[in-house]
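Asker: One structure is given below, represented as structure tokens, and several questions about it will come after.
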DNA sequence: CTTGACCCTAGAGTATACTCTAAGGTCTAA
DNA sequence: TTAGACCTTAGAGTATACTCTAGGGTCAAG
Ligand SMILES: [Zn+2]
Ligand SMILES: [Zn+2]
Ligand SMILES: [Zn+2]
Ligand SMILES: [Zn+2]
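Protein chains in written order, with the working numbering: chain X, -18 to 133; chain E, -18 to 133.
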């Protein structure tokens, strides 16, 4: 099959397949007379392997290692594969933890703001970013009322 | 103060401060005779504001909006700030959800592999990436034993 | 007067993974 | 034979946010 069909069957674009070839991840098993890339069923399996690996969050560099293990399994041991997976798990867990901290802070920031059409003069979001003081919950929907009362 | 001191006090590098200036986020309030950037206490507050905003996960583009609200609060309303925060919350939550799915898949992938020095011939990680079949838990520490028994 | 720490600009480089363009060749069907 | 779909290459562009370099000027201390 040619690159267009492999693209359809693998779910990767032809562009991406050529890019992966440049990166040394996948080679067409032959070339036609007109120099078109010709792929086999095995190549399709490889393309799918790469796609699945990417979906699991592995980088192209990591995929390369998986591919080399796959290319000659007896020459490799389970630990090589598992180490990569474990590192990725740690990595992803760290990212989740970081994002969760950010999320908590964002909620504190956002929840304290009325979000209405009142002037931002007393907006808790801006204030919190200004003074950085623990994203105080002092400013809420009530704050505008208080502010108006004070002005009156 | 000059850029080096602002860098120290704000926690941003001098390079980054110049970069932010290029992006229109912060301006030195003056220049010395020798064309050095001269910053005020207000500039320090701005630098800190930017830094805090970045730490909350806001992009430079979003920080720019916060800065413009901050620069003229009465001309803006709470909703403008809250909308950005809410969008960011959705965004971060989505990223967390995605990563959590990846994490589950990674655990399935990794837990089934013995991770030892046995040949990767029956490695469940490679197998799962090959056939994509729900990351079967069929291969575990026991699998190598079974494989050896079958060979015997 | 020289050394070292600082400052300046414009612009290139880093990271990751694509994504697209230009300019052109090939193939198939009407 | 000609349109349209497909293929080729090398290389540039996209996104984000820095990060660094080259080449040069400024300034206080010893
Ligand atoms: Zn409000
Ligand atoms: Zn508000
Ligand atoms: Zn194993
Ligand atoms: Zn294994």
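From the three backbone atoms N, C-alpha and C, an ideal C-beta is built for every residue, glycine too.
Short of 7 Å Cβ to Cβ, which residues in the segment 92 to 118 of chain X face chain E?
Answerer: Against chain E - using a Cβ distance shorter than 7 Å - the residues of the segment 92 to 118 of chain X are 94, 95, 96, 97, 98, 99, 100, 101, 102, 104, 106, 107, 110, 111, 113.
Asker: Beta-carbon within less than 6 Å of residue 24/E's beta-carbon, same chain only, minus the 5 sequence neighbours each way: which residues are those?
Answerer: Excluding sequence neighbours, residue 24/E sits near 10.
Asker: Using a threshold of 8 Å, state whether the C-beta atoms of residue -10/X and residue 37/E are closer than that.
Answerer: Taking 8 Å as the Cβ cut-off, residue -10/X and residue 37/E do not qualify as a contacting pair.
Asker: Name, in chain order, the residues that DSSP records as bridge partners for residue 33/E.
Answerer: None; residue 33/E has no bridge partner.
Asker: Measure the alpha-carbon distance for residue 57/X versus residue 40/E and round it to whole angstroms.
Answerer: One C-alpha to the other measures close to 43 Å.
Asker: Whole angstroms is fine: what's the gap from residue 98/X's alpha carbon to residue 33/E's?
Answerer: Cα to Cα, residue 98/X sits roughly 25 Å from residue 33/E.
Asker: Applying the 10 Å Cβ sphere with the 16-neighbour rule, what's the burial state of residue 66/E?
Answerer: Looking at its Cβ environment, which holds 16 or more other Cβ atoms inside 10 Å, residue 66/E is buried.
Asker: Find the residues of chain X that neighbour residue 35/E, judging by a C-beta separation of less than 8 Å, and give them in chain order.
Answerer: Within chain X, no residue comes near residue 35/E; the closest Cβ sits about 10 Å away, beyond 8 Å.
Asker: Please determine if the segment 103 to 114 of chain X and the segment 49 to 63 of chain E are in contact, where contact requires at least 3 C-beta pairs separated by less than 8 Å.
Answerer: Segments in contact, yes.
Asker: Candidates 48/E, 64/E, 85/E, 95/E: which alpha carbon is nearest residue 64/X's?
Answerer: Here the closest residue by C-alpha is 95/E.
Asker: Hey, how far is the Cα of residue 102/X from the Cα of residue -7/E?
Answerer: Cα to Cα, residue 102/X sits roughly 27 Å from residue -7/E.
Asker: For residue -13/E and residue 4/E, what's the separation of their Cα atoms in angstroms?
Answerer: Using only the alpha carbons, I get a separation of about 18 Å.
Asker: Residue -16/E and residue 80/X - do their beta-carbons sit closer together than 8 Å?
Answerer: For residue 80/X and residue -16/E, no; Cβs fall outside 8 Å.
Asker: What do you get for residue 90/E, buried or exposed, if any count of 16 or more other CB atoms within 10 angstroms of its CB means buried?
Answerer: Under this definition residue 90/E is a buried residue.
Asker: Please find out if some non-hydrogen atom of ligand 4 comes closer than 7 Å to the beta-carbon of residue -16/E.
Answerer: False, no ligand heavy atom lies under 7 Å from that Cβ.
Asker: Can you list, in chain order, the residues of the segment 57 to 77 of chain X whose Cβ is nearer than 9 Å to any Cβ on chain E?
Answerer: Under the 9 Å Cβ criterion, the segment 57 to 77 of chain X contributes 57, 58, 59, 60, 61, 62, 63, 64, 65, 66, 67, 69, 70, 73, 74, 76, 77.
Asker: Using a Cβ-Cβ cut-off of 6 Å (strictly less than) and excluding sequence neighbours within five positions of residue 21/X, which residues of its own chain qualify?
Answerer: For residue 21/X, where only same-chain residues beyond five positions count, the Cβ hits under 6 Å are 10.
Asker: Should residue 6/E go down as buried or exposed, given a rule of 16 or more other Cβ atoms within 10 Å for buried?
Answerer: The residue is buried, with at least 16 neighbouring Cβ atoms inside 10 Å.
Asker: Residue 51/E versus chain X: which residues are under 8 Å apart at the beta carbon?
Answerer: Ordered by position in chain X, the residues that pass the 8 Å Cβ test against residue 51/E are 107, 110, 111.
Asker: Name the chain E residues whose beta carbon is nearer than 9 Å to that of residue 28/X?
Answerer: Simply none; closest approach about 12 Å.
Asker: Quick check: what's the CA-CA separation for residue 44/E versus residue 73/E?
Answerer: About 16 Å.
Asker: How would you call residue 61/E, buried or exposed, if buried means at least 16 neighbouring beta carbons within 10 angstroms?
Answerer: Counting Cβ neighbours within 10 Å, residue 61/E comes out buried, since at least 16 surround it.
Asker: Of all Cβ atoms in chain E, is any one closer than 8 Å to the Cβ of residue 4/X?
Answerer: Not closer than 8 Å to any Cβ of chain E, the Cβ of residue 4/X fails to qualify, so no.
Asker: So residue 84/X contacts chain E; which residues on that side make the cut at Cβ distance below 8 Å?
Answerer: In chain order: 70, 73, 74, 77.
Asker: Smallest Cα separation from residue 113/E: which of 82/X, 35/X, -1/X, 70/X?
Answerer: Comparing Cα positions, the closest option is 35/X.
Asker: What are the boundary residues of the alpha helix (DSSP H) that residue 59/E is part of?
Answerer: That run of the alpha helix (DSSP H) goes 59 to 92.
Asker: Report yes if the C-beta of residue 61/E is less than 7 Å from at least one heavy atom of ligand 1; otherwise report no.
Answerer: Incorrect: residue 61/E has no Cβ contact closer than 7 Å to ligand 1.
Asker: Give the DSSP bridge partners of residue 19/X, in chain order.
Answerer: Answer by DSSP bridge pairing, in chain order: 11/X.
Asker: Can you tell me the Cβ-Cβ gap for residue 2/X and residue 8/X, rounded? I've got them flagged as a contact below 8 Å.
Answerer: Correct: roughly 6 Å between the Cβ atoms.
Asker: Using beta carbons (cut-off 8 Å, strictly below), is residue 88/E in contact with chain X?
Answerer: Taking Cβ atoms only, chain X reaches closer than 8 Å to residue 88/E, which makes this a yes.
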